[in-house]
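Comments concern the structure below.
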Amino acid sequence: MSILVIDNIHTYYGKIQALKGISLEVEEGEIVTLIGANGAGKTTTLRTISGLLHPRFGTIFLEGEDLSKYTAHEIVFKGVAMVPEGRGIFTRLSVQENLDMGAYSRNDKAVIAKDLELVFSLFPRLKERRKQVAGTLSGGEQQMLATGRALMAHPRLLLLDEPSMGLAPVLVENTFETIQAINDEGTTILLVEQNATMALSVADRGYVLQTGEIVLSDTAENLKQNEMVQKAYLGID
Amino acid sequence: MLKGFLDRYLERFSWVSFFLRLFQIAAIIIIVVGVYNTLTTAKYTNAQWVTLVFAGLAQGSIYALIALGYTLVYGILLMINFAHGEVYMAGAFTAVFLANYQAESGFLARSPWLAILSWLALAVVVSTVIAILLERIAYRPLRNAPRLVPLITAIGASFVLQYTFRGFYGTVFRSYPTVPALQGTVNVFGAQVPLVQLVVLIAAIILMVILYFFVDRTKRGKAMRSVSEDHDVSRLMGINIDRIIVTTFALGGALAGAAGIFNGLFRPQGVFFFMGFFPGLKAFTAAVLGGIGNVRGAFIGGLLLGVIESLFPNLILEGLGIPAVNQLRDAFGFTMLVLILIFRPQGIFGERLAEKKA
Amino acid sequence: MEEKPRPTWQIILRSGILGGGIAAYLCLVGLVEAFSERFLIGSFLTLGEVMLVTGILIAGLLTARELKDNKILATGSSLLSGVVSSLPLILLIFITMLFVLRPEILGATYNLRDMFVNLSPELVEILTLGQGLDNLALGILLLILLSALMSLLGAAFVLLPRRWSLGLISGIAWVLVIGIFSDTVSQIVRQVAGQGMIRVIFVNEALTPQAAVIIFAIAFVTGFFSVHTRIQTRWEGIPQTQQSRTRMILLLAAFGFLLVLPWVVGLFLSQALFTVGLFVMMCLGLNIVVGYAGLLDLGYVAFFAFGAYTMGILTTTGSLGRGGLNFWMAIPFCILVGVVWGLILGFPVLRLRGDYLAIVTLGFGEIIRILALSDWLAPFEGGAQGVLHIPYPNFLGIIFDSPQYMYYVVIAGGLIAAFVTIRLRESRLGRQWMAMREDEDVAEAMGINLVQTKLLAFAIGASFGALAGGVWAARLGNIFPHSFNLLISINALAVIIIGGMGSIPGVIIGALVLVGMPELLREFTEYRYLMYGILLIIMMLVRPEGLLPEATRRRELHTGEDENFEPVSQQPVGSDR
Amino acid sequence: MAPILRSENVTKRFGGLIAVSNFDVEVEEHSISAVIGPNGAGKTTFFNCITGFYVPEEGEIYFGGRTIQGLSPDLITKSGIARTYQNIRLFANMTAIENILVGQHPRLKSSWISSIFKTRGQQEEEALALEEANRLLRYVGLTGLGDQLAHNLPYGAQRRLEIARALASQPVLLLLDEPTAGMNPQESAEMMVFIRTLRDDLGITILLIEHDMRVVMGISEQISVMDFGEKIAEGNPKEIQGNPRVIEAYLGRGAAAGLELETRSNGN
Amino acid sequence: MNKKVFAILSLLIFASMILVACAPAATEAPAEEPPAEEPPAEEPPAEEAFECDDAIGCVELAPDDPVHIASMLTISGATSFLGEDSVGAIEIAIDDRGGTLLGRDIQYTSEDSLCSAEGGQTAATKVASDPTILGVIGTNCSAAMTAAMDTISSAGLSILSPSNTAPTLTLDDPAAGGTFKPGYFRICHTDFFQGAVAGEFAYNELGARTLATIHDGSPYADQLQEVMANRFMELGGEVTFQGAVNVGDTDMRAVLTSVAADSPDALYFPIFEPEGPFIVAQSSEIAGLENTILIGADGLLVDSFPENSGPNAVGMYLTGPFVTGAAYDEFLAKWDAKFGGVPPSGFHAFAYDGTNILFDAIEAVAVTDADGTTYVGRQALRDAIKATADYDGVSGKVDCSDKQFGEFTSKGDCATGEALGVFEITEAEVDDGNWPPEVIYTP
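Residue numbers (my numbering), protein chains in the order written: chain A, 1 to 237; chain B, 1001 to 1358; chain C, 2001 to 2577; chain D, 3001 to 3268; chain E, 4001 to 4443.
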């Protein structure tokens, strides 16, 4: 069953149209990736789903419920969490407080504690540094924190925006292993990634965006073999 | 070798640093000379100095409570809520009628603490409501406008509030009744300090501690801190930032309302529609002094400013042979601000906002 | 974001309460009563009554606007919301009755009028349309009726066919404007047509009924036939070359008009124009500091004061006089002093940013005022007693002793200021300023010397302010430190932001609105500031980019309409270190 | 050839945090060099030390034979160093042409007084500057976009405009902070070619920070690897790829292996 | 760009040409204005038409025209109580005449001159631009008058002030700081009177030998304390401290501590509310002021002062205008009937007398010709006011002839210094709301 169905959304920044009729679907338990050049509208799509932007036309359904009438903070309550581009951790809050904020939408103390354990088991480094101010973490640790914080919302759908950006190659692999692990725990993931090679290696399916439109959609395996994708996004001549 | 060294030095020579350094040295010399002269003439007794310090602390705690409102709002919206002084006025000006009514009817004499609490409640409610309305009408629609636009609406709101209350309550200067229970003095370091000043100081500190715990420990408080870092990411956490912003304004309003009552206890006269303007400016100064956006800084800045104003003109300027020093008090307060900011461009407790990010 | 249609009863209630709330507010704040004897037309419509019905009008207007698709429903609803809007007023009547006029009814022990000074018998008289407490029931009935009618009128603005409503609005607006500004209008009429004409148009500051009818008719017709748009379409039809020639002629005509203006409008309005011109001059300077260089300066009045005191001390024939120069010789010194103090005050704040800069400059303004006032410096510049006996400028034997002459001085000063501003904006220095405004660090990395650039902004800006101060002192003839208060700084800042930051025509429009208007509204005395405040808020809410923004900013704001728009380059700086 | 830029034992601290520690680097004239390392390793801080935004607590930076550290950023720019930023930092509300004109600032001489009176010299200089700005605009492939506000340009164009702005000061040394960030492999490849052209055509020395190993290995002649503020390795691409410390701290085995494959195939 | 420069330059040249061309014509313009130049009655006159030969012109009132007077007072801002006080008195004076003068309605325009120089000047241009106005009551503050004087005087108007107290206003010797211009009259007493009264009272009546003063930076307070201190020293006293506070200050403890350092016998602070009550109330907290007698001035002679100052006000003194007598009681009764309560400040009597003097003078000089047109000569009006002597006003004897204060000659000063007194605040005022307080000393 599709957890997320996006139908023909058009999003504008003022007068500039960023999305020109995007339609996509994400099935429960999948990892779906959006790839495309900078400015193609990948981030805009995620921001539209999470409610930070509002589509001028089109609908977004999460398990049959129309999301476009909700604002960003309400959408979190519906079970969608997002790790924004650049990670967006609260640098002046401690690691623990950052994670608390991730669970802001929830009141079930017991389950939160369990989720916290899960996050710490995924990222043992965070447990060591839970009292530390988040701004002093290294880049890789910040990415862990951002991901862990999003997991604290116990989302059914996790939106990841450029998780590997600015990370050392050695950490990139780790990151995608974690993404796979999160998915194995049952969380559906919509992944926007610059590093198409890695993204397609973990994803089940992928969509290719160009200037606000979807030009290609297929399973990850097929996309990897696609000539255009190889040339433009995988760097294979 | 020497020439090379000299060249290198001259190339890096900055007139700005040179003059600022000169300025700092001059300021320190002036202060030291002034203090020395004043103290050696022994014009004032120690008791008089202590009196001035406590009067300054009481005054400072009122600045501090108002400054907290500035700083909270600044932390979250990065805007100067110029009308905050008027929020303070609104509460104080409204509660004065209740206070006088209770004084007339004898209620104040019968149960003074209950009476004061009721004034406090009224002032806090009025100030809070005004602060919330202010946010709703004058600031929220402009949240994404260029930075100076809300500053102008804030100035406009400041005028509107002043003259609204002038229209409502008239132009007559009102006074709070004196509370017999708060009369009398306490012996501190050999000086007779009025009880009411201590009460005001302690009450302000208690409020400050409560606020600190609220911001530091509670879920709402943490959400406030999150919002102050990043609006969008906070929304992604499920935080309703509108509600957090309203909470912030309400908190600032409530503290300003309390400040109004403390002011009425400590210095009953001069309750009128313009009473908020200068304390507002001073509190804003105090907030900057402490490092705007920083809760602790605002409080310390407020107390410091109160003491500077109360003590320093007599202590420093008089020793320099300047006539009518108290006239220069505000100028002196601002000069101290400039001095402190030259030493520490981010204020006393401020984060290094001014540090270059490249 | 989606506008959910609200149920009709909710619309009626909301706009009714809002409109009634506004009306009640105006009553409580005293506007209604204060102008209850200020007649607008003959002796039957007062300004107070207009104020009272404004809120109710808004109630009708709002209701009708939300329901305008269904005219019958809208009419009925606005009638109802008019009735609703009378409720707060009725409440006011009862409160006044129970707590002020007839405390014995409830045994109230507190006279509420001690608190709300405007809960007076007169207010009850006005609200009950003259019936008073004796005929309370009739009075309230009349009030409800009036509210319903006025609400309908408000609804009519929306519901009538466009032409009719345009005509109606322009007719009512013109009658009100001329009635309110009767003072100003009669000054001009006096200069142009003589005292006799005034007797025809005005009776005791109010419009005569005949005049009101005629004005309404003319305005209605122009509105009805939308003369304005017609001229515009006609204008657009004219070929380009002819257009530019016409424009040139119009420009020349406008300039000629500008030159003879003081003699057309008379003494008082010339004084107002003088003040506006003075602010234009000053704000052009502030515009360089705030608009171009992006340095928020809340203490600009300091430079105005320096100019004024320099002029005063150098030219006064009184005991404080030093130098004994004349106006023209002193002007360069004013500018020089401005520049020097711009540098001196700019110096310590070089390292401060944003709001720290704002409070420190604000402090400077206050420091200067307090020092000017102080007994300490009084032997040099007069202290509280100010500087007296500043002679008027003398030009080829003409003594500039009236605002009509000084007007030309500010026009000349304003033109020079505008000229310098335009030239600098398009120069290398202008680009330095704007780069600094956009991003100080990057500007420095482009090889721009921030110290020099900032100090130049302060100094050049200050020189305009000081020039204005000098001219002002010469007009006033004597200066007192109390004049140099924070309000001038605030006003100047508001002018450039309301006008549209960085734009020169914006400064002129801003000064006309924020400086000229209050002069004309002198009649409103203490309510002037209230109106000023409301004006500031409304203008910023409606046009955050200002009335005539600089072209680039306009573009920016228009692309930035979406609330979540974040330009790429303004995203937070990552902390890679 | 003498190094044009040389740093000796540069150390920069923030409070207790050591961002750059005893960092030495030598950049040969007309070379393309790179600094790589994990996020937060201190690369950008090092750039900031070179351009004068930070003054290192210890060590010396020599540029063209004389020491520059402690000079203010504008003087350093005037001496011939220009840079771009990791997150593009254009003057967002100025047009593209204006951005480049600001970049030309150090080369212009006319005073503000001459611009009030529009002296002949000033007018000539402005005209030349405008011509040069248009030429640079064409050079980076943005012909016709001169009147666009910088923040309205598409991402790639902004990157190029930033480089044009840096070139406008006619630098000897160009510092590029992640020039291909946010670009797809195709665009990255184009950028690589462009950077090489810059060096070959204009004779500019280039020092870059980059995460995309394909770019780094593809164009750099010399690479320094940073971790926790320290230099852990230095050498040509081959040496770096083979360096076990680099592999452990930064590249990871998989990436290193992949790169090795690629360089080999490129070499062929 | 070049085009723009050319345009601007040519505009500048054009502007200067016009400036030169217009100017002489313009100076003539006002001369044309007085109707004297154009024979007022062109139609065949039934009788001999009135010829206005007044040096500065006449005001011509058509048969239906009202008699138009104006006031320039401070009716907004912090000092508005002064303005309200005067406006009320003017309205009562108009009512006293049944709202008519010379058989015409009296039209009264109230302008706001604020309490500042620029406010005064703007109000003056407004009044001066209406040629129907005969005379003006104003201003309240001396700063406003200083700036308004020239405009008012050159417009040929007469202005009578109810509360300007700065001595310079009536000195016509600029070398001595005088700013007098013809047409200005002052009904109230100058600081020379009040300062002297305060000084004499403190030295002679209270037996004070040391004195401290505080002013608030207003020209008025500064001047008054200076005059008082000088008089006190002339009498043989010692001035230990002359300090100042700022308008808006609330904490007076620091300045009072400075005062207390010398424990003076008396403290004179001729300032306003709310700063005055702060000084009174906070002085009780300062050690060293226990035996210091507080003296305020007319700025604090407001009915809210005792209540605001609290118990510490008991036993302090206020100097100020003191008017008494049956006429004054009658005036107060009228006030109570019209506005309720008592006037908010102490200068209403002067405003009332000034208005009446103006009306009397208008009546005295007005000439009506056969067709019902009335002419009032502006210079004649000034002369008539000037000639007022031995006028028995509510505020006592009024005499507008030139006076001598030491070496200074003052013109236009109408007050004789009779109407001054020292009031003592007692428990009756503080606790029971009695107002005004008892006068215990008159010069």
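No residue lacks a Cβ here, since even glycine has one placed at the ideal position from N, Cα and C.
Roughly how far, in whole angstroms, is the beta-carbon of residue i from the beta-carbon of residue j, given that I think they are within contact range, below 8 angstroms?
{"i": "Arg-149(A)", "j": "Gly-102(A)", "result": "4 angstroms"}
{"i": "Ile-49(A)", "j": "Ser-23(A)", "result": "13 angstroms between Cβ atoms; not a contact."}
{"i": "Ala-1256(B)", "j": "Ile-1066(B)", "result": "5 angstroms"}
{"i": "Pro-3244(D)", "j": "Ile-3204(D)", "result": "With a Cβ gap of about 34 angstroms, Pro-3244(D) and Ile-3204(D) do not count as contacting."}
{"i": "Gly-4320(E)", "j": "Gly-4341(E)", "result": "Incorrect: roughly 18 angstroms between the Cβ atoms, too far for contact."}
In terms of alpha-carbon separation, which member of the options lies closest to residue i?
{"i": "Gly-4288(E)", "options": "Tyr-1044(B), Ile-1342(B), Ile-1202(B) and Leu-1134(B)", "result": "Tyr-1044(B)"}
{"i": "Lys-131(A)", "options": "Leu-118(A), Leu-151(A) and Asp-100(A)", "result": "Asp-100(A)"}
{"i": "Glu-122(A)", "options": "Ala-196(A), Val-95(A), Leu-4(A) and Thr-147(A)", "result": "For the sequence presented, residue 122(A) should be read as Leu rather than Glu. Of the candidates Ala-196(A), Val-95(A), Leu-4(A) and Thr-147(A), the one whose C-alpha sits nearest the C-alpha of Leu-122(A) is Thr-147(A)."}
{"i": "Ala-1083(B)", "options": "Gly-1167(B), Phe-1274(B) and Glu-1104(B)", "result": "Phe-1274(B)"}
{"i": "Gly-1333(B)", "options": "Phe-1284(B), Ala-1090(B), Leu-1305(B) and Gly-1350(B)", "result": "Leu-1305(B)"}
{"i": "Val-4365(E)", "options": "Ala-4387(E), Phe-4347(E) and Tyr-4203(E)", "result": "Ala-4387(E)"}
{"i": "Val-2340(C)", "options": "Ser-2270(C), Leu-2396(C), Phe-2303(C) and Val-2084(C)", "result": "Phe-2303(C)"}
Can you tell me whether residue i is helix, strand or coil according to DSSP?
{"i": "Val-189(A)", "result": "At residue 189(A) the sequence reads Ile, which differs from the Val that was named. Three-state result, Ile-189(A): strand."}
{"i": "Gln-2195(C)", "result": "helix"}
{"i": "Ser-2569(C)", "result": "Confidence at Ser-2569(C) is low in this model, with a pLDDT of 31, below 50, so its placement is unreliable and no value can be given for it."}
{"i": "Tyr-2110(C)", "result": "coil"}
{"i": "Gln-4444(E)", "result": "The question about residue 4444(E) has no answer here: the residues shown for chain E are numbered 4001 through 4443."}
{"i": "Tyr-1009(B)", "result": "helix"}
{"i": "Val-4239(E)", "result": "strand"}
{"i": "Asn-195(A)", "result": "coil"}
If the criterion is Cβ atoms closer than 8 angstroms, does the pair residue i and residue j meet it?
{"i": "Ala-2330(C)", "j": "Tyr-2392(C)", "result": "no"}
{"i": "Gly-4156(E)", "j": "Leu-4073(E)", "result": "no"}
{"i": "Gly-41(A)", "j": "Leu-234(A)", "result": "no"}
{"i": "Ala-4148(E)", "j": "Ser-4113(E)", "result": "yes"}
{"i": "Ile-2515(C)", "j": "Thr-2275(C)", "result": "The sequence shown places Val at residue 2515(C), rather than the Ile named in the question. Cβ distance < 8 angstroms, so Val-2515(C) and Thr-2275(C) count as in contact."}
{"i": "Asn-3067(D)", "j": "Pro-3106(D)", "result": "In the sequence as displayed, the identity of residue 3067(D) is Thr instead of Asn. Not in contact: Thr-3067(D) and Pro-3106(D) (Cβ atoms no closer than 8 angstroms)."}
{"i": "Gly-2076(C)", "j": "Ala-2059(C)", "result": "no"}
Apply the 10 Å Cβ neighbour rule to residue i and answer buried if 16 or more other Cβ atoms are within range, or exposed otherwise.
{"i": "Gln-143(A)", "result": "buried"}
{"i": "Asn-3236(D)", "result": "exposed"}
{"i": "Asn-3152(D)", "result": "buried"}
{"i": "Tyr-1036(B)", "result": "exposed"}
Please compile the residues from chain H whose C-beta is within a distance smaller than 7 angstroms of the C-beta of residue i.
{"i": "Ile-2448(C)", "result": "Reference to chain H is not applicable here, since the protein chains of this structure are A, B, C, D and E."}
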